[in-house]
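Numbering (the numbering used here), first residue to last: 24 to 444.
Ideal Cβ placement from N, Cα and C applies to all residues, glycine included.
A quick note: this is a predicted structure, and the numbers were derived from the prediction, not measured.
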Amino acid sequence: MPLAVYILGLSVFALGTSEFMLSGLLPPIADDMNVSIPQAGLLISAFAIGMVVGAPLLAVATLRLPRRTTLIALISVFGLGQVAGALAPTYEVLFASRVVSALACAGFWAVGAAVAIAMVPVNQRARAMAVMIGGLSIANVLGVPMGAFLGEHLGWRSAFWAVGVASAVALVGVVTRIPYIPLPEKKPQLRQELAIYRDRQVWLAIVITALAAGGVFCAFSYLAPLLTDVAGLASGWVPWILGLFGVGALIGTTIGGRVADAHLFGVLLSGITASTVFLAALALFASSQVAVVALAFLLGLSAFFTAPALNARMFNVAGAAPTLAGATTTAAFNLGNTSGPWLGGTVIDADFGFASTAWAGAAMTLLALAAVAVALRLQRGGDGGGLVRSRLIAKGGAARGERTAPVAGTAECAAGSPTQP
24 MPLAVYILGL SVFALGTSEF MLSGLLPPIA DDMNVSIPQA GLLISAFAIG MVVGAPLLAV
84 ATLRLPRRTT LIALISVFGL GQVAGALAPT YEVLFASRVV SALACAGFWA VGAAVAIAMV
144 PVNQRARAMA VMIGGLSIAN VLGVPMGAFL GEHLGWRSAF WAVGVASAVA LVGVVTRIPY
204 IPLPEKKPQL RQELAIYRDR QVWLAIVITA LAAGGVFCAF SYLAPLLTDV AGLASGWVPW
264 ILGLFGVGAL IGTTIGGRVA DAHLFGVLLS GITASTVFLA ALALFASSQV AVVALAFLLG
324 LSAFFTAPAL NARMFNVAGA APTLAGATTT AAFNLGNTSG PWLGGTVIDA DFGFASTAWA
384 GAAMTLLALA AVAVALRLQR GGDGGGLVRS RLIAKGGAAR GERTAPVAGT AECAAGSPTQ
444 P
């Protein structure tokens, strides 16, 4: 695996810490900003909305710019967003800083994923993405609990300052270790890349990713108040249990990244099913301290076991547009990270209690399972994804008198694809 991929994973550590650390900081932020916990939870959705909008927007805007320069600019803006959040005098300013940070984070994810995928063979895509997602897992193991610890002892603003420092370290890594990556001789054509959105397998991949991610983070976003108000644990336990979620995430990413290239649909079906079962168990046993602690670990494991397969699936069905494929995956994950916390806040506001967020999350993952079943049925019927783009590529090649090879993920390659279940 190229060193640059690991540097991207290191950068994702800073991005992921900022994205998810608010799950352990909602109570102090709500108190300091004089807002309710569900309203503070909208800061999580604000970041996710910024990611949803920013990923495709910045992918298109930077399509013809040097990859290394783009990554440097985006991680710099992200770091400045953390400083703005640390200094925010009002809830509105903090909200705006989260959106700006999210835009930069989304662009970095989209471009970084395309860079990582471009540097490895097709049958190592899931492993390359597992390295990047591993940075996110380590953020959950170390960054998120440390943010909660800092929030508990030094105030929530100190967590933002810490992420700002981590962003500066990531910037140094990108500047010194990411090589210059030349643009293709033929400049990317926006119209050709946008053609992937005519493929129903691409839309199914978006739906699956959004629902699978949203279901888990519907409950995870409100895990801190569930631990203290429902399970009766002291607030000092929150960082450790968030860290346990991260340990599960790291283990899940490692296993999923090694298995998904050979058994993509098997990973999707088993991982999302496990998340559904664990969410239902969390709702049923939310008042049991032992059960909640164990389920926090298991949810991290199941959610991130699935993540490399979700990423690889999108690149398989949209491989002719790698930058937009990365952007679309990022947007899909954050559609889930937007809808999940919003749905969780809605059921809390309706006086169903914090445990109800797990029931709502389980409903989302059940829908994700149904979408996986549809995608698998279509693939077995000959539509493996990428049909639109393969026809466009073949048409363009024929017009130039070229012989075109099958595109990974199309029906022509389905029989020999390493991603078959």
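When the options are compared against residue i, the one with the closest alpha-carbon
| i | options | result |
| --- | --- | --- |
| GLY237 | PRO112, ALA317 and ALA355 | ALA355 |
| THR369 | ALA242, ASN357, ALA398 and LEU302 | ALA242 |
| PHE43 | ALA385, ASN57 and TYR245 | TYR245 |
| GLY102 | LEU88, VAL313, SER124 and LEU110 | SER124 |
| VAL225 | ARG180, LEU399 and VAL340 | VAL340 |
| ALA136 | GLY404, LEU227, PRO331 and ASN57 | PRO331 |
| GLY178 | PHE36, MET56 and VAL282 | MET56 |
| ALA233 | ALA111, ASN334 and THR276 | ASN334 |
| ARG214 | VAL134, VAL83, ILE95 and LEU307 | VAL83 |
| MET155 | PHE131, PHE301 and VAL75 | PHE131 |
| VAL75 | GLY187, ALA285 and ALA127 | ALA127 |
| LEU358 | GLY64, PHE288, ALA257 and PHE70 | PHE70 |
| LEU392 | LEU249, GLY289 and VAL58 | GLY289 |
| PHE36 | LEU110, ILE98 and VAL282 | ILE98 |
| ILE72 | GLY404, ASN360 and ALA381 | ASN360 |
| ASN163 | GLY269, ALA27, GLN147 and SER41 | GLY269 |
| VAL28 | THR40, LEU110 and VAL134 | VAL134 |
| ILE219 | PHE338, ASP372 and SER68 | PHE338 |
| PRO16 | ALA139, ASP372 and SER46 | Here the chain comprises residues numbered 24 to 444, so residue 16 is not present and cannot be evaluated. |
| THR388 | LEU292, VAL316, GLN147 and TRP365 | LEU292 |
| LEU94 | ALA129, THR113 and VAL122 | ALA129 |
| VAL100 | LEU81, ALA151 and THR276 | LEU81 |
| GLY39 | LEU307, ALA185 and LEU110 | ALA185 |
| ALA344 | LEU305, HIS286, GLU216 and THR296 | GLU216 |
| ALA151 | PHE118, GLY32, HIS286 and THR296 | GLY32 |
Exposure of residue i, with buried meaning 16 or more beta-carbon neighbours within 10 Å
| i | result |
| --- | --- |
| GLY255 | exposed |
| PRO61 | buried |
| GLY363 | buried |
| VAL239 | buried |
| GLU115 | exposed |
| ARG221 | exposed |
| PRO262 | buried |
| THR92 | exposed |
| SER298 | buried |
| ARG87 | exposed |
| GLY104 | buried |
| VAL313 | exposed |
| GLY404 | exposed |
| SER325 | buried |
| LYS418 | Any answer about LYS418 is weak, because its pLDDT of 43 lies below 50 and its placement is not dependable; what the coordinates show is given next. Burial call: exposed. |
| VAL192 | exposed |
| SER190 | buried |
| ASP372 | exposed |
| ASP374 | exposed |
| ARG281 | exposed |
| GLY259 | exposed |
| LEU194 | buried |
| PRO248 | buried |
| VAL188 | exposed |
| SER310 | exposed |
| ALA7 | Residue 7 cannot be examined here, being either before or after the span of the chain that is shown, 24 to 444. |
| THR113 | exposed |
| ALA381 | buried |
Contact set for residue i: own chain, Cβ-Cβ below 6 Å, skip 5 residues either direction
| i | result |
| --- | --- |
| SER379 | VAL370 |
| ALA107 | SER120 |
| LEU165 | none |
| VAL229 | Checking the sequence, you will find Ile at residue 229 rather than Val. The answer, listed in chain order, is ALA355. |
| ALA6 | Absent from the model: residue 6. The displayed extent of the chain is 24 to 444, so no value can be given. |
| ALA303 | ALA385 |
| LEU366 | CYS241 and ALA383 |
| VAL315 | ALA254 |
| PHE308 | ALA314 |
Closer than 6 Å: residue i CB and nearest the ligand ZN heavy atom
| i | result |
| --- | --- |
| VAL253 | The ligand content of the structure shown is nil, which means the ligand ZN is not present either. |
Own chain, CB closer than 8 Å to residue i, minus 5 neighbours either side, in chain order
| i | result |
| --- | --- |
| LEU227 | ALA394, VAL397, ALA398 and LEU401 |
| ASP252 | PHE377 |
| GLY279 | ALA149, ALA153, VAL290, GLY294, PHE327, PHE328, THR329, ALA330, PRO331 and ALA332 |
| PHE320 | LEU267, PHE268, VAL270 and GLY271 |
Own chain, CB closer than 7 Å to residue i, minus 5 neighbours either side, in chain order
| i | result |
| --- | --- |
| LEU48 | GLY170, ALA171, GLY174, TRP179 and ALA182 |
| PRO79 | LEU347, ALA350, THR351 and ALA354 |
| ILE30 | GLY196, VAL197, ARG200 and ILE201 |
| PHE301 | LEU318, LEU321, LEU322 and SER325 |
(request) Write down every uninterrupted run of the beta strand (DSSP E) in the region 247–311 whose length is 3 residues or greater and which is fully enclosed by it, in chain order. (result) none
(request) Jot down the residue ranges of each uninterrupted alpha helix (DSSP H) in the region 138–181, minimum 4 residues, whole runs only, in chain order. (result) 148–161 and 167–177
(request) Mind listing, in chain order, the continuous alpha helix (DSSP H) runs of no fewer than 4 residues lying wholly within the region 350–410? (result) 379–403
(request) Could you pull out every unbroken alpha helix (DSSP H) segment of at least 4 residues lying fully inside the region 77–139, listed in chain order? (result) 90–110
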